[in-house]
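Structure record follows, encoded as structure tokens.
There are 2 protein chains.
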Amino acid sequence: MSDLRDGICAEAFWFNKEQCCWSSNDTQFDDEQACRQWYTWAELVGDSNKDFGAYIFKYLLYILWSLLFALLAALLVKVFAPYACGSGIPEMKTILSGFVIRGYLGKWTLLIKSVGIMLAVSAGLNLGKEGPMVHMAACCGNIIAYLFPKYGRNEAKKREVLSAAAAAASPLAAPLGGVLFSLEEASYYFPLKTLWRSFFCSMVAASVLKLVNPFGNDHLVLFYVEYRSTWSVIEIGPFILLGVIGGLFGAGFIRANVFPIAEVMLVTLVTALLAFPNTYTRMNTSRLIKLLFSKCGPEDEAELCDYKWNSTNDYSGSAPAGPGIYSAMWKLMLAYLFKMVATVFTFGIKVPSGLFIPSLAVGAIAGRVLGNWPSPRMDSFPFRLFCRAGQPCINSGLYAMIGAAAALGGVTRMTLSLVAIMLELTGGLQYIVPLMIAAMTSKVGGDRLTKGGIYEEHIRLNGYPYLDNKEEFAHTTIAADVMHPRRGEAQLQLLYQDSMNVEDLETLMAASDVNGYPWWCRETLTICWDSIRSQKRGRHCRDSLVYFTEHLVAGAVAARHTDAGASSTDGQPPALKLRRIVDLSPITVTDQTPMEVVLEMFRKLGLRQTLVTHNGRLLGLITKKDVLRHIEYLHSIDPHNLIFS
Amino acid sequence: MSDLRDGICAEAFWFNKEQCCWSSNDTQFDDEQACRQWYTWAELVGDSNKDFGAYIFKYLLYILWSLLFALLAALLVKVFAPYACGSGIPEMKTILSGFVIRGYLGKWTLLIKSVGIMLAVSAGLNLGKEGPMVHMAACCGNIIAYLFPKYGRNEAKKREVLSAAAAAASPLAAPLGGVLFSLEEASYYFPLKTLWRSFFCSMVAASVLKLVNPFGNDHLVLFYVEYRSTWSVIEIGPFILLGVIGGLFGAGFIRANVFPIAEVMLVTLVTALLAFPNTYTRMNTSRLIKLLFSKCGPEDEAELCDYKWNSTNDYSGSAPAGPGIYSAMWKLMLAYLFKMVATVFTFGIKVPSGLFIPSLAVGAIAGRVLGNWPSPRMDSFPFRLFCRAGQPCINSGLYAMIGAAAALGGVTRMTLSLVAIMLELTGGLQYIVPLMIAAMTSKVGGDRLTKGGIYEEHIRLNGYPYLDNKEEFAHTTIAADVMHPRRGEAQLQLLYQDSMNVEDLETLMAASDVNGYPWWCRETLTICWDSIRSQKRGRHCRDSLVYFTEHLVAGAVAARHTDAGASSTDGQPPALKLRRIVDLSPITVTDQTPMEVVLEMFRKLGLRQTLVTHNGRLLGLITKKDVLRHIEYLHSIDPHNLIFS
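Here the protein sequences line up with chains A and B, keeping their order.
For the first sequence, UniProt numbering begins at 1 and goes up steadily by one.
For the second sequence, UniProt numbering begins at 1 and goes up steadily by one.
In structure tokens form, the structure reads like this:
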């Protein structure tokens with residue numbers, strides 16, 4: 001569909017340019033030269049001469065098609081499934097941490113997101129499909145889980161299914177990286193059992209991909225790098241620099257993303273307007289990354305490889321640069337600026353959008369430019385230490401690869417999964433240490449500027465009740481400081497276990513708008529209530545005693561009736577036993593428990609609230625929101641955080 | 001040192017054969033042919049002719065040197081550091097789960113293990129150095145942690161350091177695999193914070209390795225595979241078969257390992273006796289694995305690659321086998337049997353020993369034999385489906401690689417970390433799916449035969465209090481069923497908060513041999529006690545009231561004194577306040593809490609005990625050992641487990 005903006009295949013309109021040229025056996029297919037079966041729109045209307053008018057015509061059609069695709073995507077999302085927009089990973093994280101967003105993983109979201117992401121990518125918007133892929137996989141997992149009551153009815157089990165599904169989505173066809181992504185980014189709590197299940201899912205997904213082989217090429221490695229040359233220890237310097245650049249880009253990206261104001265059509269228009277003239281922004285982003293990762297050889301004729309080769313300096317970086325290099329560098333720097341801004345605006349608009357590929361592209365451009373920058377004389381100071389004649393020296397493709405990893409790391413703050421994904425994408429096992437350095441630097445650098453990755457920031461922006469499990473809690477408050485009711489607040493409203501009647505309970509429930517009670521949730525109680533009312537109207541009335549204990553103690557009944565002024569228990573309506581809806585094992589902490597421990601319990605046990613007791617007596621309770629508010633309060637009074645937030 | 005058993009380098013006695021031949025510029029160094037500077041012991045005593053006597057002489061010296069090294073290793077371990085034997089990983093797992101083994105991570109263990117592992121490997125014993133490496137790294141971590149009070153004094157923080165150190169040990173120089181190994185195998189609870197720290201450690205370790213470059217070769221990939229050919233979907237069948245073989249080997253190995261009876265010298269003698277005559281067992285195990293992983297080309301002259309090459313069938317597997325192949329296959333099968341038995345006995349003896357390399361070797365032999373087995377006519381049935389003329393078909397090196405992964409998987413039951421380690425060892429990114437299949441099959445197959453990997457079995461064998469965090473708890477017992485005291489048992493001995501005197505407390509402590517109390521540990525109390533006694537002998541006496549509350553309530557004192565027969569509080573020795581040693585935030589559960597939840601709390605919060613309450617009143621307590629005993633009891637009455645255990 002992306003190539004539809006350029007032209008159409010005469011043989012079969014659903015072929016893209018590459019397939020069209022393949023099927024017509026034009027093996028010397030080149031991006032710039034059209035092949036016989038492929039007709040550009042300009043050629044179709046007979047305006048095939050390459051003058052300025054034709055260029056403008058192509059330009060206009062390119063923009064019109066882009067706008068059409070973007071409009072369709074935006075309309076679909078707006079009308080049918082508002083949850084389908086964005087990458088979906090912040091929401092996935094929130095759901096996996098125990099929060100329920102109804103319909104977020106439903107079939108409509110899945111359907112609209114699948115179609116929407118195709119349209120959005122075809123519109124040439126600066127977005128990737130990896131994040132949405134993870135969201136769609138989770139939708140599949142959720143829908144399938146409902147077929148098996150064991151998983152569909154148990155929220156904890158369903159979260160395990162979602163974690164495994166996220167792993168199977170395998171961003172960028174990297175099975176190992178997919179499992180690690182699910183572990184490090186998507187999932188909240190990841191037991192080893194889930195690790196194995198994710199591993200299994202990922203294995204099946206990779207096997208099926210191999211079996212189906214949709215792209216017609218035999219290997220799964222997307223940006224396979226051919227070079228096997230080594231790197232020098234001195235190059236750690238530039239690698240760290242790339243890490244810093246990536247971290248800066250990531251932090252800037254995250255900051256800019258808190259203003260999601262831009263509109264789909266405007267962004268598409270501006271993207272199409274600006275992307276068309278520059279070769280590097282016009283081409284498919286994946287192809288751009290592949291180009292940037294590649295190494296120059298003497299036989300290369302591309303602009304990026306325009307070195308003045310001669311017999312003595314026969315490797316990239318040791319040959320003087322030709323005019324093509326300078327022109328390519330300028331174009332790349334413009335592309336860098338454009339992509340950086342476009343990525344920011346695109347991620348905020350209301351279409352399905354991911355950020356893996358755009359981030360990789362931005363970083364790859366930075367790396368390639370840095371790798372080519374010194375226009376190096378290989379006998380000058382730092383280089384003569386590690387450049388040997390006849391040996392490859394600075395490999396700008398490698399720099400592009402490191403830069404790409406750093407940018408993605410800066411945006412998402414992944415470490416282990418980032419390195420695994422980059423390894424599986426490129427096959428560059430030699431470069432594991434540079435990749436680790438870039439990932440670490442961009443994470444550390446980025447963390448100094450914004451508190452978390454893009455997903456955490458989006459969670460904060462949307463105000464989801466997400467308890468960050470990466471932060472350390474270094475304060476000395478105790479449970480009594482956080483619980484409610486505090487000193488001066490209204491007392492807790494209590495339900496007594498065997499001394500309230502239906503009327504008391506109804507009054508209490510009407511007076512409060514709390515949805516979750518420590519021992520049951522409002523919904524359960526309401527359902528229970530309604531069924532009692534409809535079935536037993538005749539026998540139970542508003543005076544019926546309600547008890548939550550195993551057996552009704554006669555003394556309690558008598559006491560109650562004495563209070564109510566009745567002299568005997570005869571003639572009273574039968575008591576109502578509600579024990580089966582009571583949670584008999586609430587989690588409790590003492591009032592002296594350090595908040596550090598309370599936080600650990602909330603995180604690791606996935607609590608929504610805990611009771612606070614003193615010497616066995618109930619004092620109050622702490623909810624997840626109390627904890628979140630407390631952490632925010634502590635941050636706001638912490639002088640270290642004032643500088644940056 | 002290993003080569004010392006064969007001969008000595010004239011130039012520098014500390015060079016091994018390879019370095020010796022390098023330094024004398026014998027570039028066509030071959031394992032079989034000696035180079036000029038290298039003198040075998042037979043040559044040194046002048047007996048250089050290659051007759052039967054010389055062979056016996058070499059054989060004898062080989063055995064004697066082996067015995068000498070083994071004796072030294074065994075003596076060092078026995079005399080100085082008994083904890084230095086074995087791989088240390090089961091104990092690491094136990095320590096990381098919260099149990100303390102004093103001295104296990106001390107400096108003596110580190111020192112003796114370092115020397116011992118060198119000696120044991122040099123003795124030609126069938127063992128690896130990877131597990132011991134992890135243990136030694138943890139020792140370093142532990143020693144360094146003591147330099148920083150923040151980490152040395154806090155057991156939880158120290159465990160984080162140990163996890164990170166284990167990752168830095170990076171089995172087989174695989175930085176990513178090291179982190180994952182620490183995550184999947186060594187560590188008990190692995191928060192993301194620890195993941196990043198481990199990642200950082202591993203990065204620094206890999207960078208230093210690159211900087212120092214101890215082996216003089218530029219790349220870190222140990223068994224780099226050169227082949228880049230693809231694999232066919234039909235081959236999934238044999239890969240699964242290899243997985244099953246690996247799982248069977250692993251299960252058999254684990255079963256056999258529960259009888260650690262063999263003695264070091266005997267094992268060494270038998271190993272040396274049997275290993276010498278077979279080329280494949282005599283050579284260094286790492287070199288054997290490298291050889292087995294390699295692919296045959298027409299120019300190869302090794303016995304393993306003795307194919308009848310001709311112009312039409314120019315790839316391994318599509319050429320008919322020559323006589324060398326058959327002889328190699330026989331030798332490999334003998335080597336398989338020998339290595340299998342030797343690995344089992346070696347792992348049980350009292351020297352430092354790991355099992356990565358031996359397991360890989362066993363599996364690689366199995367794979368290579370299977371890959372060469374069919375002596376295939378490539379135009380016969382299953383093969384003609386995927387073998388194309390002029391294309392590589394069955395790559396027996398790939399089968400060796402898959403087999404090796406399967407065997408290691410069968411023994412350790414790793415999944416994700418296994419695949420990562422194999423990838424980093426071989427660089428075979430094309431083969432990630434076969435590796436995943438082998439890992440999964442061997443794990444699933446092995447798990448049907450023994451309950452856990454070798455490390456879990458060793459933990460069980462040694463009776464360490466380790467709460468397996470991989471198993472699901474699917475029973476419906478509640479806390480009241482597990483706690484002590486049970487019905488009919490002696491009541492809990494209680495300390496009252498403000499109504500006991502010193503004498504009462506001493507009597508109570510003398511009567512019980514319990515070491516840990518829910519609110520403090522015996523040690524703290526004893527230290528506190530001793531310091532009080534020595535400092536304040538004059539003021540406190542056995543009648544002193546002990547109170548654990550914030551303030552002494554006058555009524556309580558009066559009540560106490562009334563009980564004791566005293567009429568007034570005047571003249572009484574001053575009361576003793578022990579509040580500061582009381583843990584004010586013990587974890588409690590109600591008696592109705594399902595054991596599934598209790599188990600989760602023990603695992604995730606790292607508890608050693610929890611109090612059981614009912615309506616706020618203390619009923620009893622559950623310790624970690626109670627939980628372990630309960631799980632064992634449930635297993636023993638479960639009919640599904642009776643078959644295998």
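Where a beta carbon is used, it is the ideal one built from N, C-alpha and C, also for glycine.
| Asked | Found |
| --- | --- |
| Status (buried if at least 16 other CB within 10 Å, exposed otherwise) for residue 630 of chain B | buried |
| Contact list for residue 196 of chain B against chain A, beta-carbon separation under 7 Å | 415 |
| Reduced DSSP category for residue 577 of chain A - H, G, I as helix; E, B as strand; rest coil | strand |
| One or two residues paired with residue 609 of chain B in a DSSP bridge | B/623 |
| Cβ of residue 92 of chain A within 7 Å of any chain B Cβ | no |
| As assigned by DSSP and simplified to three states, the class of residue 501 of chain A | strand |
| Cross-strand partners of residue 7 of chain B (DSSP beta bridge) | B/40 |
| Within-7 Å CB hit, residue 635 of chain A to chain B | no |
| Straight-line Cα distance separating residue 622 of chain B from residue 479 of chain B | 8 Å |
| The beta strand (DSSP E) enclosing residue 546 of chain B, as first and last residue numbers | 545-547 |
| The stretch 6-22 of chain B / the stretch 119-133 of chain B touching (three or more Cβ pairs under 8 Å) | no |
| Residue 617 of chain A in three-state terms, based on DSSP | strand |
| Span of the beta strand (DSSP E), counted from its first residue to its last, around residue 588 of chain A | 588-590 |
| Buried versus exposed, by CB contacts within 10 Å (16 or more), residue 468 of chain B | buried |
| N- and C-terminal bounds of the alpha helix (DSSP H) containing residue 143 of chain A | 130-145 |
| Minimum Cβ-Cβ distance from residue 351 of chain B to chain A less than 7 Å | no |
| Opening and closing residue of the alpha helix (DSSP H) in which residue 448 of chain B lies | 432-449 |
| Contacting residues, own chain, Cβ-Cβ under 6 Å from residue 458 of chain A (five flanking each side not counted) | 90 |
| Neighbour flag for residue 592 of chain B against chain A, beta carbons, 7 Å | yes |
| Residue-chain proximity (residue 584 of chain B, chain A), Cβ-Cβ < 7 Å | yes |
| Residue 680 of chain A, DSSP secondary structure in three states | The structure shown has nothing for residue 680 of chain A, since chain A only spans 1 to 645. |
| Rounded separation between residue 335 of chain B and residue 365 of chain B - CA only | 8 Å |
| Residue-level contact to chain A via CB, residue 451 of chain B, 7 Å cutoff | no |
| Beta-carbon proximity of residue 54 of chain B to residue 37 of chain B, cut-off 7 Å | no |
| Between the CA atoms of residue 548 of chain B and residue 105 of chain A - distance to the nearest angstrom | 53 Å |
| Candidates B/86, B/65, B/241, of which the one nearest residue 455 of chain B by Cα | B/86 |
| Segment contact, 8 Å Cβ cut-off, at least three pairs: the stretch 479-497 of chain B with the stretch 609-619 of chain B | yes |
| Residue 352 of chain A - DSSP class collapsed to helix/strand/coil | strand |
| Cβ neighbour criterion (16 or more within 10 Å) applied to residue 333 of chain B | exposed |
| Proximity of residue 169 of chain A and residue 119 of chain A at Cβ, strictly below 7 Å | no |
| Short-range partners of chain A found in the stretch 414-447 of chain B, where Cβ spacing is below 7 Å | 415, 416, 419, 420, 424, 427, 429, 430, 432, 433, 436, 437, 440 |
| Spatial distance of residue 476 of chain A from residue 593 of chain A (CA atoms) | 10 Å |
| First and last residue of the uninterrupted alpha helix (DSSP H) at residue 287 of chain B | 285-293 |
| Beta-bridge pairing of residue 325 of chain B - partner residues as DSSP gives them | Paired residue(s): none; residue 325 of chain B is not in a bridge. |
| Residue 510 of chain A (DSSP reduced to helix, strand or coil) | helix |
| Check whether residue 141 of chain B and residue 162 of chain B have beta carbons under 7 Å apart | yes |
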